[in-house]
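Per my numbering, the sequence shown runs over residues 13 to 378. First up is the structure itself, then whatever we jot down about it.
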Amino acid sequence: NVGILGGFIQSGGHSPLSSIYGMAADHVLAFELVDANGRFISVTEDDHPDLFWALRGGGGSTFGVVTSVTIKAHPRIDATVTRFNLFTNENFTADLFWQSVHTHFQHFERYADAGAYQYFRLHPLGNDQFWFEMVAFFAPNMTVAEYNALTEPWYTEWADLGVPFSPVTGYYDNYYDAWTAAFPLEIGGTGAGTRIATRILPLENWECDSLLNATVAAIRNITEHGYMTYHFQLKADLLPENSENAVNPAWRNNLDFMFAITHIPLNATPDEWKDIDYRLTYDTMDQIRGLTPTSGSYLGEGDINEPDWQQAFYGSNYQRLYDLKKYYDPDDVFYATTAVGSENWEVVNADNLPIQNGKLCRLVVP
Numbered sequence: 013n014v015g016i017l018g019g020f021i022q023s024g025g026h027s028p029l030s031s032i033y034g035m036a037a038d039h040v041l042a043f044e045l046v047d048a049n050g051r052f053i054s055v056t057e058d059d060h061p062d063l064f065w066a067l068r069g070g071g072g073s074t075f076g077v078v079t080s081v082t083i084k085a086h087p088r089i090d091a092t093v094t095r096f097n098l099f100t101n102e103n104f105t106a107d108l109f110w111q112s113v114h115t116h117f118q119h120f121e122r123y124a125d126a127g128a129y130q131y132f133r134l135h136p137l138g139n140d141q142f143w144f145e146m147v148a149f150f151a152p153n154m155t156v157a158e159y160n161a162l163t164e165p166w167y168t169e170w171a172d173l174g175v176p177f178s179p180v181t182g183y184y185d186n187y188y189d190a191w192t193a194a195f196p197l198e199i200g201g202t203g204a205g206t207r208i209a210t211r212i213l214p215l216e217n218w219e220c221d222s223l224l225n226a227t228v229a230a231i232r233n234i235t236e237h238g239y240m241t242y243h244f245q246l247k248a249d250l251l252p253e254n255s256e257n258a259v260n261p262a263w264r265n266n267l268d269f270m271f272a273i274t275h276i277p278l279n280a281t282p283d284e285w286k287d288i289d290y291r292l293t294y295d296t297m298d299q300i301r302g303l304t305p306t307s308g309s310y311l312g313e314g315d316i317n318e319p320d321w322q323q324a325f326y327g328s329n330y331q332r333l334y335d336l337k338k339y340y341d342p343d344d345v346f347y348a349t350t351a352v353g354s355e356n357w358e359v360v361n362a363d364n365l366p367i368q369n370g371k372l373c374r375l376v377v378p
């Protein structure tokens, strides 16, 4: 399922603590699962080490039904959290808005190196109006004074640009309270009529001014065409004390995990649906893929139509994962769209839409 033991850990699992600890999958100590033969097995670094590698990031619904996970615990931490909203207005034009976005992006590497995390949204409001929604600038292990020192260059540059924003900052002596304040309960998931596509924007895009300029320009163009974009600024290094796993290698070079989001009217015809799908997957995301040719996307939050999904979601790990799939589940008992081995199957429905309501048909005889 899409819960913590399934889609979150088995796809990798990014979080507000990723810039400190990496991915959730990095901290698994053991799994218990039922395999394709109905056997209940324990999986650790020493017992079934190949499965231990694969289950940590290689995707759910692939190798077995995970019934429990043992996860490493970490010491209690404090955190400082900031939230704000920024809107264009008659004095703060669209050009100034996007100049502000660009200025902010320039600081991402420094924030990530300090262990900080951001989740913000860029909304198109129509008529060349935009909204920058800082859902949370999350600074673990930082006091307010330390947070202020980290963000002072950014805030100063925005003040010089006349950016009209009023950040609300709070300190919390434990992670749970900080999380609750930063991320109030919201309606999540993709839901009816919502389509997403994602891309891992690598550090390389910040190491060259012209490439960063092109990246922000592409994000602006996408937003101007009516797509909302989400941004998760984090890095996800594998800590020396944690063992290698099947997390998409692109994550180890991430600086901004980006969503592009559109909506399909509930009364859309199949042809209209497919047209919206195509424009998101290709016309929109090709702009970002072209600027990140060696990167990828995230299986846990990805486009069902992702081109070359084996490379995008799994990177250089795919062939090893495929071989393990054939070894542990040769009859394909477990299946999910874009899961390892799913290229051997297709779901057939009357309108040829990318949905899972239809017959599951084998394409390749093993």
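Backbone N, C-alpha and C fix where the C-beta goes; we use that ideal spot for every residue, glycine too.
Buried or exposed by the 16-neighbour rule on C-beta atoms within 10 Å, applied to Thr79: With fewer than 16 other Cβ atoms within 10 Å, it is exposed.
Run of the beta strand (DSSP E) containing Leu374, from where it starts to where it stops: It is Arg, not Leu, that sits at residue 374 in the sequence shown. Run containing Arg374: 371 to 374, per the beta strand (DSSP E) assignment.
Cβ-based burial, His26 [other Cβ within 10 Å; buried from 16]: With 16 or more other Cβ atoms from the protein chains shown falling within 10 Å of its own Cβ, His26 counts as buried.
Top-ranked residue by Cα proximity to Tyr159, from Lys247, Tyr123, Asp189: Checked all of Lys247, Tyr123, Asp189; the closest Cα to Tyr159 is Tyr123.
Pair within 8 angstroms by beta-carbon distance, His300 and Ala262: Note that residue 300 corresponds to Ile in the displayed sequence, not to His. The Cβ atoms of Ile300 and Ala262 do not sit closer than 8 angstroms to each other.
Proximity winner among Val147, Ala37, Tyr33, relative to Ala126 (alpha-carbon distances): Minimum Cα distance to Ala126 is reached at Tyr33.
N-terminal and C-terminal residue of the alpha helix (DSSP H) that Arg422 is part of: Residue numbering for the chain in the displayed model covers 13 to 378; residue 422 lies beyond these limits and cannot be assessed.
Glu121 versus Asp343: straight-line alpha-carbon distance, rounded: The straight-line gap from Cα to Cα measures roughly 45 angstroms.
Endpoints, the alpha helix (DSSP H) within which Pro165 is located: DSSP places Pro165 inside the alpha helix (DSSP H), whose first and last residues are 156 to 173.
Start-to-end residues for the alpha helix (DSSP H) that takes in Asp62: That run of the alpha helix (DSSP H) goes 61 to 67.
Stretch-stretch touch, CB-based, cutoff 8 angstroms, three pairs: the region 63 to 81 with the region 335 to 352: Contact holds: three or more Cβ-Cβ distances are below 8 angstroms.
Contact between the region 247 to 255 and the region 264 to 271 (3+ Cβ pairs under 8 angstroms): The answer is yes - the region 264 to 271 touches the region 247 to 255, with three or more Cβ pairs under 8 angstroms.
Cβ-based burial, Val228 [other Cβ within 10 Å; buried from 16]: With 16 or more other Cβ atoms within 10 Å, it is buried.
Where the alpha helix (DSSP H) through Met297 begins and ends: DSSP places Met297 inside the alpha helix (DSSP H), whose first and last residues are 297 to 301.
Counterpart residues of Asn136 in DSSP-defined beta bridges: Looking at the sequence itself, residue 136 is Pro, so the reference to Asn does not match. Looking at the DSSP assignment, Pro136 forms a beta bridge with Phe142.
Which of helix, strand or coil DSSP assigns to Val147: DSSP, read as helix, strand or coil, puts Val147 in strand.
Same chain, Cβ closer than 8 angstroms to Leu375, neighbours up to 5 away in sequence not counted: Within the same chain, Leu375 has close Cβ partners Glu355, Asn356, Trp357, Glu358.
Coarse secondary structure for Asn225, derived from DSSP in three states: DSSP places Asn225 within a helical segment (H, G or I) once states are collapsed to three.
Pairwise C-alpha distance: Asn217 and Phe177: If you take the alpha carbons of Phe177 and Asn217, they lie about 27 angstroms apart.
Nonlocal neighbours in the same chain, by C-beta distance under 6 angstroms from Tyr131, ignoring five residues either side: Counting only residues of its own chain and dropping the five nearest sequence neighbours on each side, Tyr131 has a CB closer than 6 angstroms to the CB of Val147, Ala148, Phe244.
Length of the line joining the Cα atoms of Phe391 and Phe271: As displayed, the chain neither begins before 13 nor continues past 378, which places residue 391 out of reach and without an answer.
Inter-residue CB distance, Phe150 and Tyr129 (contact presumed, cutoff 8 angstroms): The Cβ separation is near 5 angstroms, so the contact holds.
Start-end ranges of the alpha helix (DSSP H) lying completely within the region 17 to 47, minimum 4 residues: Runs of the alpha helix (DSSP H) spanning 4 or more residues and lying entirely within the region 17 to 47 occur at 30 to 33, in chain order.
Residues near Asn257 in its chain [Cβ-Cβ closer than 7 angstroms; skip 5 each side]: So the list reads Ala37, Asp38, Trp65, Arg68, Gly69, once near-sequence residues are dropped.
Distance, Pro282 Cα to Ile208 Cα: Using only the alpha carbons, I get a separation of about 18 angstroms.
DSSP three-state assignment for Ala348, whether helix, strand or coil: Assigned with DSSP and collapsed to three states, Ala348 falls in coil, not helix or strand.
Straight-line gap, Ile316 to Val55 (C-alpha atoms, nearest Å): A straight line joining the alpha-carbon of Ile316 with that of Val55 spans about 30 angstroms.
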